[in-house]
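Remarks on the structure that follows.
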Amino acid sequence: MTEQTTQIPNLYALLIGIDYYLPGKLPDGSFYPSLGGCVRDIKRVEDYLKKTQKPKQIFKLTSSNTDATEPPEPQDQLPTYENIVAKFHAITEIAQKDDQVYIHYSGHGGRAKTIYPELKGAGQPDEALVPMDIAKTNQRYLRDVEIATLLKKMVNKGLVVTVVFDSCHSGGTTRGDTAIRGLEGEPDTTSRPTDSLVASRQELIQNWLELTGGTARKANAGDWLPKSRDYVLLAACRPSEYAFESVFNGNESNGALTYWMLDTLNNPSPDLTYKSLYDRVYAKVQSQFQTQTPMLFGEGERQVFGRSYANVHYTVNVLKVDTARNRVQLDAGIAQGLGEGARFAIYAPGTTDFSEKNKPLAIAQVTADITPGDAWAAIEPDSRSGDIEQASPAIMLSAPIALVRRVRLFEKQEDTTNQLPKNQVLPSELLKIQTTALTAVKAAIPRIGKGWVELVSKGEHYQVAINTSGEYEICDRNGTPYPNLRPALLVGDADAAENVVKRLVHLTKYQAVQELENLSVLTNKLVVQLTDKDKKPLADPTKQTLQTGENTFLYIKNESDQDLNVVVMDLQSDWAISQFDILEDGASFVPFAPGQEEWISLSFKLPEGYQEGKDILKVFATVGPAKFRWLELPSLDKPIQARNAAFDEYDENTPRGGGDPLDKLLEAISADPDEIPPTREVQVMASNRGWTTKTVTITVKAN
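Numbered by my numbering, the letters in the sequence shown go through residues 681 to 1383 in order.
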């Protein structure tokens, strides 16, 4: 009898990052500007894969932006159309059945006049990845029809494929320190070569028709690729939206999708699925960029990289301990994508289990003293609980939730040349009062903000500006005004500047709750989904839009083997937060026995005068009791009740404080707005604590 051996599948990766794009304008005058965080994205992904997944081979193409006239990479390592296609072919050839293939693209996405009119008609463009030399008219986009065939060849060979596109279809104008990975303007109409290095035209067309069920015109209008269950595709945004890159932690930019994906993977939970990964990335990105909605297609329930994450952690080691200066040197630096501000938990040498029962020896934050191969990190005060030694392992922590948010006062200009973006322009009569209006906000921040918000000149969470109607506007970090901040605050009205600051504090507390996430052993055991009025899952769970008064159900099930206490918090379109009464009995939480399921009837309404709003349902499940009513907020401009009073009102017999980490987290977020915040940020330290969250976002439209 022949003994059979099990072959462990290999992992192959194709990583493409483009910061430098050759200069040159398209027919409508638009162009693809160079970016700043794409190559850094790829370095961080590469380092993560090497440290945690041990790939068999990594194929990498990058174009770095060094302010020179040409990127420094050799020609055969540049992300040109020819090189990208060649790497796809190479990885497909070398990988064997059941091997994993991971593809990550960070750069511009674009739209071009279709070269497949028999598939799409004249009105639908080709969606494409944009090679670094696309400014040359004889160069080609890597078009969606070609990408579909490249992936189909991998799937047909039995490869397990994961694709991440941190790019977008369209571009726009931002303010501040963000950039958009897409083209502003109409689809590129440049006449370009129509032959393909991927496959013959006949094969490309046939594959596209097979993937779209034989439908040619507008088979997938607006999506990157035809929907398929054969691979996982995580895309940065919807077709009409933007993919942003920004500074998240320190002074260096990253793509929003890549940053939060790696932040999640660096602190994984056992049996992490792509759906759980996506849910956390979605929540984090949406809380910071209103016009970026990440999308997930394909095998969402597949485990990330096809394996359990129980014992897979991104770790670096301590090289040196500088006791005199209370700092440590880590064996990772710029080459690994590490930046100033990154935080690590340091453990005793030999530690392999980083769960809560093994408390870290200290928390350290990377300083500006960083080189390509190593970095110095300062030990945070009062975090040290033991002696740190050389070779102590350190794991990167999730980005903390900011309790103190940064505000930038944005001064607009007069556009005498008619060339400035509209969101940076004011008419002359408003320019005369702009400085006075913003100075009033500046003066009110320390007096009204009580330390919850602070002024900065860059790296902001919020922007405050004056709009063309003479009103204050509060915007996200890329200059998009927040919707439904009502009533309008007119410049010059009594208390207008003070009310701007009160709104900033309110948004700070609201978004801290919105960002509260924890991937844990419970995450896959808590099932949450929105269903239609017949209790059937929605046809497209990524597009959950309801009309006011429309009936629907929120389905919740406990698939764990222990009792869970479930709470639903409703983050409403008028910026209020309330706890949803699941069983209409006023309970602080509802115990769910193992296997218990409930359908909660829902019907949404909008405040008077609203045409559209967004409700975010955050479902919390805990092993023990927790005081989620601390998180409640009134609607905008109504006084925020002091937490102590609200707490005493609903549970006067429960002692405050205590040692429960979740209670401490909730207590910090819900601290009284009239008092200085207890800390600048709160950290979810361990991923296996006895609680988790699931989020459902619903767009509500007026009838």
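Glycine residues also receive a C-beta, built at the ideal position from the N, C-alpha and C atoms. This structure is a prediction, so every number in the text was calculated from the model and none was measured.
*For the 8 Å Cβ check, are there 3 or more pairs between the segment 1098–1111 and the segment 1059–1067?*
With a cut-off of 8 Å, the segment 1059–1067 and the segment 1098–1111 do not count as touching, because too few Cβ pairs lie within range.
*What number of angstroms, rounded off, separates the C-alpha of residue 723 from the C-alpha of residue 1191?*
Their Cα atoms are separated by approximately 30 Å.
*Given residue 813, which residues of its chain have a CB within under 6 Å of its CB, disregarding the five upstream and five downstream residues?*
Within the same chain, 702, 760, 819 come within 6 Å of residue 813 by CB-CB distance, once the 5 residues on both sides are set aside.
*With a Cβ-Cβ cutoff of 9 Å, do residue 969 and residue 1157 count as a contact?*
yes
*asked:* Are the CB atoms of residue 809 and residue 696 within a distance shorter than 9 Å?
replied: For residue 696 and residue 809, yes; Cβs fall inside 9 Å.
*Could you spell out where the alpha helix (DSSP H) holding residue 997 opens and where it closes?*
Residue 997 -> not in any alpha helix (DSSP H); beta strand (DSSP E) instead, spanning 995–1002.
*Alpha carbon to alpha carbon, what distance is there between residue 885 and residue 1370?*
51 Å
_Residue ranges of each beta strand (DSSP E) within the segment 728–783, 3 or longer_ = Runs of the beta strand (DSSP E) inside the segment 728–783: 737–743.
*asked:* I need the straight-line Cα distance from residue 1355 to residue 1319, nearest angstrom please.
replied: Rounded to whole angstroms, residue 1355 and residue 1319 show a C-alpha spacing of 14 Å.
*For residue 827, name the three-state secondary structure that DSSP assigns.*
helix
_When 748, 1051, 1056 are compared against residue 1014, the one with the closest alpha-carbon_ = 1051
*Return the first residue and the last residue of the beta strand (DSSP E) that residue 1125 is part of.*
No beta strand (DSSP E) holds residue 1125; the alpha helix (DSSP H) holding it covers 1108–1128.
*asked:* For residue 1207, count the other beta carbons within 10 Å of its own beta carbon; 16 or more makes it buried, fewer makes it exposed. Which is it?
replied: exposed
*the segment 1292–1302 / the segment 1234–1254 touching (three or more Cβ pairs under 8 Å)*: yes
*Would you mind stating whether residue 997 and residue 1073 have Cβ atoms separated by less than 9 Å?*
yes
*Go through its chain and collect everything with a Cβ distance to residue 1231's Cβ below 6 Å, but skip five positions before and after it.*
Same-chain partners within the cutoff: 1213, 1283.
*Straight-line CA distance for residue 846 to residue 923?*
So the two alpha carbons sit approximately 7 Å from each other.
*Could you name the residues of the same chain whose beta carbon sits closer than 6 Å to that of residue 900, not counting the 5 residues immediately before and after it, in chain order?*
Because the pLDDT at residue 900 is just 46, under 50, the model does not fix this residue reliably, and the value given afterwards should be weighed accordingly. Take residue 900, set aside five residues on each side of it, and the residues of its chain with a beta-carbon closer than 6 Å to its own are 906, in chain order.
*Alpha carbon of residue 889 to alpha carbon of residue 827, nearest angstrom*: Near 14 Å, if we compare the C-alpha coordinates of residue 827 and residue 889.
*Along the beta strand (DSSP E) that carries residue 1371, what are the first and last residues, could you check?*
1371–1381
_Of the residues 1298, 1360, 1352, the one placed nearest residue 1377, counting alpha carbons only_ = 1298
*Ignore the nearest five residues each way along the sequence and tell me which others in residue 1224's own chain have a CB closer than 6 Å to its CB.*
1210, 1378
*Identify whether residue 946 lies in helix, strand or coil by the three-state DSSP scheme.*
coil
*Measuring CB to CB, does residue 1237 end up less than 9 Å from residue 1292?*
no
*Check whether residue 1146 and residue 1184 have beta carbons under 9 Å apart*: Result no, Cβ atoms of residue 1146 and residue 1184 do not sit closer than 9 Å.
*What residue does the beta strand (DSSP E) around residue 1086 start on, and which one ends it?*
Note, residue 1086: beta strand (DSSP E), 1085–1089.
*Check residue 1203 in the structure and name its three-state DSSP category.*
helix
_To the nearest angstrom, how far is the alpha carbon of residue 698 from that of residue 784?_
Straight across, the Cα-Cα distance linking residue 698 with residue 784 is about 11 Å.
*Using 10 angstroms around the beta-carbon of residue 1264, count the other beta-carbons present and answer buried if the total reaches 16, otherwise exposed.*
exposed
*Excluding five sequence neighbours on each side, which residues of the same chain lie with their C-beta closer than 8 Å to the C-beta of residue 958?*
914, 974, 976, 980
*How big is the Cα-Cα spacing for residue 693 and residue 735?*
Cα to Cα, the separation comes out at about 7 Å.
*Is it true that the CB of residue 1076 sits closer than 9 Å to the CB of residue 947?*
yes
*Leaving out the 5 sequence neighbours to the left and right, which residues in its chain are closer than 6 Å to residue 1345 when beta-carbon positions are compared?*
1362
_Own chain partners of residue 1251 with C-beta closer than 8 Å, once the 5 adjacent residues on each side are dropped_ = 1190, 1193, 1194, 1257, 1295, 1296, 1297, 1298
*Which residues DSSP lists as bridging residue 1073, in chain order*: 997
_Close-in-space but distant-in-sequence residues of the same chain around residue 877 (CB under 6 Å, 5 per side omitted)_ = Taken in chain order, the residues that qualify are 765.
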